[in-house]
Amino acid sequence: MSGSFDILIVGIGGQGTILASNILGEACLIENRHIRGAETHGMAQRGGSVESHIRIGGEFGPLITPGQADLLISFDLLEALRYSHFLKQGGKMVVNSHMVLPTSVFTQKLTAPMESEIIAGLKKHHLCLLDADSLAVEAGSPLSANVVMLGAASSAMPLKYESLLEAVKRLVPKKTMEINVKAFETGRKAGGTS
Amino acid sequence: MERKYLLGNEAIAHACLEAGVDFVSGYPGTPSSDVIDTIRVQPDRSFYVEWSVNEKVALENALAAAWCGVRALCTMKHVGLNVAADPLMTSAYTGVTGGLVIMSADDPFAHSSQNEQDTRCYAHFAHVPCLDPASVQEAHEMIRDAFLLSEEFGLPVIFRPTTRICHSKGDVDLGPAVTSTRKGEFHKDPRQYVVIPAHTRVLHKKLNEKQAAIRKRLVEKGFNRYELRGKTAVIASGIAASYVQELLPRGVSFMKIGAYPIDEEWLGGFVRKHEKVLVIEELAPEVEECVRQVAGCVPVFGKKNGYAPYEGELSPAAVAAIMEKAGFLPKNPFPQVSPLQGLPPRPPILCAGCLHRGMFYAIKKVFKDAIYPSDIGCYTLGLQLGTVDTCICMGASITVASGISHSGEPHDVVCTIGDSTFLHTGIQGLMNAVYNGANMTVVILDNRITAMTGHQPNPNTGITATGVEIPAVSLDAVCRACGVNFVETVDPYDITGTLNVLHEAKKRKGVKVVIARQMCVISARRAGVKRGRYTVDKEACTGCGTCVRFGCPAIEFSDEKARISDLCSGCSVCAQLCPVGAIGREGKR
């Protein structure tokens, strides 16, 4: 069995899960560690549920097996629940408290669970819940919510703070670097050090 | 040497630059598109890159370049190889002088495809070598070697990554890109390039004579290799080999197949050293059939005796389950877990402001219970709106529509096809429908780009793959040249105007074409088009739900009122639909 640290990032197409995966990859390169990843591309991205698998120290396949993830980072509250079975016992979850209701709720009259129900469901796990949308606005741009989420999850990853920060600086567009560094720091503070 | 964290397709693209590729062609198709999308923006070296109009066209172009002695790459998805199958089969006879690598990306589980066909079967059929990587790093090395292999044997080489290679990532060691360029030269040789019966019979024999040496070479190259460790063995190919390696207990031998054709003598020698053998591969039992031929009395476990599935993609958990069932793992290391049931699904959906949604609304309004053949593109999502009744392969909306029209089916037939798909294989169907007197309406959803696969330009966009501006093809003129008399262009953001034209089309006999033209909202956003958002007047909204049923992801509904979220791109269609005029442009009310 591999000794990789397995992170599943989930969200909705367009929320920036791919950039988040690239930042983790870059941080691994900085630390000279192997990494494997897999992600959703193509039409599935059009507002659909997306997942990005990241295996730090991984040397084999890129896919994380359900029930085996060490860390789940969810950019949307409902998606956290959808993918919660991926987390292993004792795994950690870092979740954005914001929820985008799927259009199926309106067009097919389906019911989405209430926010309080979702949070109660997630609390079975080691949960860190934060309002990444507001924190991103605070950092200077709503588009930086993905970096806020990475910051919040950063202390739960086996990667150095310095490497992650350097990776953020290298990969975000130059003109948004300052905002994204702030977003990372804000997220890190909100995520705590556990 | 440089190490980077790259998408499989980016690593493949880089390897082609390291191999000094001179000519690149292809048609976009998930999961293959990012290779040319990466290559076409390389500024460092001058070589030829094109997005072709379809895969047959792409392969014939690349083949010709390889005949001229330059290195050519042709990319497509697995079903694209069906379109290119005609030149493929005979290109193995003519052979090549410059390296020709055909990348055909398979999609087990059909993540973004209409079927789960296996490209390895085509390689077998055409008698050309096929390379099947197990990781991003191996994909990089294999495609670089594929050019050499192609030149060594004078044959096209098929490179077959799967979605989990193309769209997975890894740290990859890269070599330097070649800086020199080659120029092609065509040396006339009719016995090689003119496949009249007298020539082709000889070429066929030559092709068959090459096979034994190819089998040996693929083992020498290390693409097919094994480790002897015990009395039982697992043989795996492609990405499944990576999953097996993670799980393989000590004391079980392992053979990795990464290239075809497999040397049977070599394979038989390995198999017969074991008491039982398990074969794990995705899709067709290509390796397994070969193993069964040489196994003699050694028991073989695989798809054919129900230990492994023929369908879908494998995963570490699936591989563990197969190994446990066949007795190669004492216990599945992954306890079974199930996802939570009953959550509202979040499938992909047409973007807020997508022209297709407005057009589908108008079509349904006018043609009601008509039959709606459709095609391959973002607009296949019109299934959710009740305006997609068939979808089989590229270009088949028009041909299926004419077939239904001639069958005697009494309802109206209205088909939808995107601009890129129309240019791919739609035109022939249109010409055929007119020629044979079908009664039908063809709606060309013209967003001026190949959107679904990542916004590649096509002849209708007005720029080439490398960004050179060219005169865009006139869809209107093409349709008229096919003999269509009723060709009207509408703006699908203007619902009234669109409805009027569709009503007119419905009244007429014969083949009618309506071109629905509006930029893809994603390209519009990238181009800086700003339309201003729309908002709902809470007082005026009666909660009737008309706008919600339109299915735009920007429209939400709570407390009996509609609300428009910041996903709104300002197409204004919902405002036109609202029966009480409660929707208006933000800041203008």
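Same order as they appear, the protein sequences are chains S and B.
Going by my numbering, the first sequence wraps up at 194, each residue one higher than the last.
Going by my numbering, the second sequence wraps up at 783, each residue one higher than the last.
The beta carbon of each residue, even a glycine, is placed where N, CA and C say it ideally should be.
Check: B/Asn652, enclosing beta strand (DSSP E) - first and last residue; Outcome: Counting along the chain, B/Asn652 falls outside any beta strand (DSSP E), and DSSP gives it neither H nor E.
Check: Test item: CB-CB of B/Leu477 and B/Glu310 under 8 angstroms; Outcome: yes
Check: Closest by C-alpha distance to B/Asp457, when choosing among B/Phe561, B/Ser362, B/Phe680, B/Arg409; Outcome: B/Arg409
Check: Reference B/Lys382; option with closest CA among B/His361, B/Gly496, B/Cys262; Outcome: B/Cys262
Check: Contact with chain S by B/Arg727, beta-carbon distance below 8 angstroms; Outcome: no
Check: Listed by chain order, chain B residues near S/Leu101 by CB distance under 7 angstroms; Outcome: Glu750
Check: Environment of S/Phe184 [buried if 16+ CB atoms lie within 10 Å]; Outcome: buried
Check: Contacting residues, own chain, Cβ-Cβ under 7 angstroms from B/Ser766 (five flanking each side not counted); Outcome: Tyr687, Tyr728
Check: Residue range of the unbroken beta strand (DSSP E) whose run includes B/Asn309; Outcome: Careful: B/Asn309 lies outside any beta strand (DSSP E) and carries neither H nor E.
Check: Where S/Gly3 falls, given that 16 or more other Cβ within 10 Å makes a residue buried; Outcome: exposed
Check: Three-state class that DSSP yields for S/Thr65 in the structure shown; Outcome: coil
Check: Short CB-CB distance (under 8 angstroms) between B/Phe528 and chain S; Outcome: yes
Check: Burial state of B/Pro651 (16 or more Cβ within 10 Å); Outcome: buried
Check: 8 angstroms Cβ cutoff, S/Met1 in contact with chain B; Outcome: Bear in mind that the predicted position of S/Met1 carries a pLDDT of just 47, short of 50, making it unreliable; the figure below should be weighed with that in mind. Judged by the 8 angstroms Cβ criterion, S/Met1 is in contact with chain B.
Check: Neighbour list for S/Phe5 in chain B, Cβ cutoff strictly below 9 angstroms; Outcome: Simply none; closest approach about 15 angstroms.
Check: Nearest candidate by alpha-carbon position, reference B/Ala209, set B/Glu332, B/Ala328, B/His321, B/His318; Outcome: B/Glu332
Check: Which of helix, strand or coil DSSP assigns to B/Asp367; Outcome: strand
Check: Which listed residue (S/Val105, S/Gly91, S/Ala112) has its alpha carbon closest to that of S/His125; Outcome: S/Gly91
Check: CB contact flag (B/Thr736, B/Val774, <8 angstroms); Outcome: yes
Check: Neighbouring residues, chain B, relative to S/Gln68 (Cβ below 7 angstroms); Outcome: Phe528
Check: For B/Val243 and B/Pro281, the rounded distance between their alpha carbons; Outcome: 20 angstroms
Check: Rounded C-alpha distance that separates S/Gln89 from S/Gly67; Outcome: 7 angstroms
Check: Own chain residues within Cβ distance below 6 angstroms of B/Leu534, not counting five before or after; Outcome: none
Check: Residue-level contact to chain B via CB, S/Ile73, 8 angstroms cutoff; Outcome: no
Check: Reference B/Thr692; option with closest CA among B/Asp231, B/Val372, B/Gly778, B/Arg551; Outcome: B/Arg551
Check: B/Phe353 - DSSP class collapsed to helix/strand/coil; Outcome: strand
Check: Neighbourhood of B/Arg783 by C-beta distance below 8 angstroms, restricted to the same chain and skipping five residues each side; Outcome: Only weak support exists for where B/Arg783 lies, its pLDDT of 49 falling under 50; the coordinates are left without a value.
Check: Length of the line joining the Cα atoms of B/Ala260 and B/Glu483; Outcome: 33 angstroms
Check: Cβ-Cβ distance between B/Ala699 and B/Thr610 below 8 angstroms; Outcome: no
Check: For B/Ile586, the three-state DSSP class (helix, strand or coil); Outcome: coil
Check: Nearest-angstrom beta carbon gap, B/Tyr316 and B/Ile359 [assumed within contact, 8 angstroms]; Outcome: About 18 angstroms separates the two Cβ atoms, so there is no contact after all.
Check: B/Glu459 classed as buried or exposed, judged by whether at least 16 other C-beta atoms fall within 10 angstroms; Outcome: exposed
Check: CB contact check: S/Pro62 to chain B, cutoff 8 angstroms; Outcome: yes
Check: Whether B/Val215 touches B/Leu267 by CB criterion (8 angstroms); Outcome: yes
Check: Residues near S/Tyr83 by beta carbon distance below 8 angstroms, same chain, minus five either side; Outcome: Leu8, Val10, Glu51, Leu72, Ser74
Check: Residue-level contact to chain S via CB, B/Ala453, 8 angstroms cutoff; Outcome: no
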